[in-house]
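Q: Take this structure first; my questions come after.
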Amino acid sequence: MLRCCASAHPSFWVPDRKRSTCSSCNKLFTLLRRRHHCRCCGGVFCGSCSMDSIALPAWGIPDVARVCGGCFILESQLVPMMLAGWDFGGSHLQLSADERSITWLTWHAGAPKLRSEDMLDVAAVELCGAGCGLSLKVRGEWFIFKGDRRSQPAAQVWVVALNQLRQLHLQRCGARSKHGDPPRRRDEEFLTKSLLEALKRRQARLIEAQGMFHIADVAAQQSKGYLPIGGTPAKKGGGGGG
Numbered sequence: 058m059l060r061c062c063a064s065a066h067p068s069f070w071v072p073d074r075k076r077s078t079c080s081s082c083n084k085l086f087t088l089l090r091r092r093h094h095c096r097c098c099g100g101v102f103c104g105s106c107s108m109d110s111i112a113l114p115a116w117g118i119p120d121v122a123r124v125c126g127g128c129f130i131l132e133s134q135l136v137p138m139m140l141a142g143w144d145f146g147g148s149h150l151q152l153s154a155d156e157r158s159i160t161w162l163t164w165h166a167g168a169p170k171l172r173s174e175d176m177l178d179v180a181a182v183e184l185c186g187a188g189c190g191l192s193l194k195v196r197g198e199w200f201i202f203k204g205d206r207r208s209q210p211a212a213q214v215w216v217v218a219l220n221q222l223r224q225l226h227l228q229r230c231g232a233r234s235k236h237g238d239p240p241r242r243r244d245e246e247f248l249t250k251s252l253l254e255a256l257k258r259r260q261a262r263l264i265e266a267q268g269m270f271h272i273a274d275v276a277a278q279q280s281k282g283y284l285p286i287g288g289t290p291a292k293k294g295g296g297g298g299g
């Protein structure tokens, strides 16, 4: 559960008074067509557009909760794929267990190099390389992850998913201040230790199921002599992820 939440409704929820129509179908709310809040994005939807439900452990809700159609697809299909990770050419991308940062592994001079960035610091995500790879803009710097034709479907899904997840974090944490400071997580956005451990176990299961590897383990493996210089961890089943 969340560490704290002082208000009856989370601060990122869109107030009822600001929506006279559904955020998805745009139908007018009436006495019969009531307002419902998505527990993930905080948007206001009609009952038909918020019929799905799913647990949201990364957002501090371990039990099943009402969500809109877009958030249901994100959390049930796209996030599991990103948690398992994907190879783009010489780089491996992976979403953190708590869905708050994106980490990638590249190789330099035969040694692995890890970099992790908070989703709040990702300014843009775009397709590149004829749609076979993707590029991330982080604090004014672009990072390119090239792929081939085989990675084209994955690149397209990753761009959609990362943009949606990035917007979701911004919605929940607030826009940039008047002074240009980046948004920062509120107290209600921090997770308990037990929930973080559960999220790590979830990611481990997804990585195992997809035959991938946790990139945070790579440097440790090499430092202990388990991974040859310039080598890459073996994948079970030889799949590319997904």
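In this text, residue positions in the sequence shown follow this note's numbering: the first is 58, and each later residue adds one.
Even glycine gets a Cβ: it sits at the ideal position worked out from N, Cα and C.
1) Can you tell me which of I159, S251, P114, V124 puts its alpha carbon nearest to the alpha carbon of D175?
2) Would you mind sorting C82 into buried or exposed? The rule is 16 or more other CB atoms within 10 Å of its CB.
3) Would you mind stating whether K203 and A180 have Cβ atoms separated by less than 8 Å?
4) CB-CB under 6 Å to R76, same chain, minus the five flanking residues each way: which ones, in chain order?
5) Would you report the Cα separation of L225 and L140, rounded to the nearest angstrom?
6) Which residue wins for smallest C-alpha separation from Q165, given the options L177, S148, P119?
7) Tell me whether K194 sits in a helix, a strand or coil according to DSSP, three-state version.
8) When you compare the CB positions of G104 and P67, do they come within less than 8 Å of one another, or not?
9) In three-state terms, what does DSSP make of K361?
10) For W199, I'd like the list of residues in its chain whose CB is within less than 6 Å of its CB, leaving aside the five on either flank, ordered along the chain.
11) Can you tell me the Cα-Cα spacing of P169 and W161, whole angstroms?
12) I'd like to know whether the C-beta atoms of V124 and C95 end up nearer to each other than 8 Å.
13) Does the separation of the CB atoms of L131 and Q221 fall below 8 Å?
A: In short:
1) Looking up residue 175 in the sequence shown gives position 118. Answer by Cα proximity: I159.
2) Working through the sequence shown from its first residue, we reach residue 82 at position 25. Per the 10 Å Cβ criterion, exposed.
3) Looking up residue 203 in the sequence shown gives position 146. Looking up residue 180 in the sequence shown gives position 123. In this structure, A180 does not lie closer than 8 Å to K203 by Cβ.
4) As a position in the sequence shown, residue 76 is number 19, starting the count at 1. Around R76: V101.
5) As a first step, residue 225 is located in the sequence shown; it is residue number 168 there, counting from the start. As a first step, residue 140 is located in the sequence shown; it is residue number 83 there, counting from the start. Using only the alpha carbons, I get a separation of about 17 Å.
6) Working through the sequence shown from its first residue, we reach residue 165 at position 108. Note that residue 165 corresponds to His in the displayed sequence, not to Gln. For the residues L177, S148, P119, the minimum Cα distance to H165 belongs to S148.
7) Position 137 of the sequence shown, counted from the first residue, corresponds to residue 194. Of the three classes helix, strand and coil, the one that applies to K194 here is strand, per DSSP.
8) Here residue 104 refers to the residue found at position 47 when the sequence shown is read from its first residue. Here residue 67 refers to the residue found at position 10 when the sequence shown is read from its first residue. The answer is no: Cβ separation not under 8 Å.
9) Residue numbering for the chain in the displayed model covers 58 to 299; residue 361 lies beyond these limits and cannot be assessed.
10) Here residue 199 refers to the residue found at position 142 when the sequence shown is read from its first residue. Counting only Cβ-Cβ distances below 6 Å, and skipping sequence neighbours, we find S192.
11) As a position in the sequence shown, residue 169 is number 112, starting the count at 1. As a position in the sequence shown, residue 161 is number 104, starting the count at 1. About 10 Å.
12) As a working note, residue 124 is residue 67 in the sequence shown. As a working note, residue 95 is residue 38 in the sequence shown. Yes, the pair counts as a contact, with Cβ atoms nearer than the cut-off.
13) Counting from 1 along the sequence shown, the entry for residue 131 is found at position 74. Counting from 1 along the sequence shown, the entry for residue 221 is found at position 164. Yes, these two residues count as a Cβ contact at 8 Å.
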